[in-house]
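**Q**
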């Protein structure tokens with residue numbers, strides 16, 4: 078199913094830390110949409126940990142509620 082572009086209420090359900098195909102650090106957070114016509118469907122968001130992207134990835138994770146200083150937690 079294709080989810081139309083838009084703004085949705087969702088909650089983070091799972092996350093996984095790993096490597097890209099190019100061996101760069103990344104995190105994938107799976108969000109479940111909790112309201113509206115796509116309720117119950119999930120979307121993945123990817124954040125990357127490079128010199129240029131780490132700060133923005135940490136900012137996005139904090140916006141989602143992450144409070145740790147250890148990316149492993």
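Numbering (the numbering used here), first residue to last: 78 to 150. Note that the Cβ used here is the ideal one computed from N, Cα and C, for glycine as well. Since the structure is predicted, the reported quantities are computational estimates derived from the model, not experimental observations.
Output the distance between the C-alpha atoms of residue 109 and residue 87, rounded to the nearest integer angstrom.
**A** Spanning the two alpha carbons is a distance of roughly 5 angstroms.
**Q** From the DSSP secondary-structure annotation, give me the bridge partner or partners of residue 107.
**A** 91, 121
**Q** Do you know whose CA, among 118, 113, 95, lies nearest residue 89's CA?
**A** Checked all of 118, 113, 95; the closest Cα to residue 89 is 118.
**Q** Report yes if the C-beta distance between residue 80 and residue 120 is below 8 angstroms; otherwise report no.
**A** yes
**Q** I'd like to check one pair, residue 141 with residue 123: are the Cβ atoms closer than 8 angstroms?
**A** no
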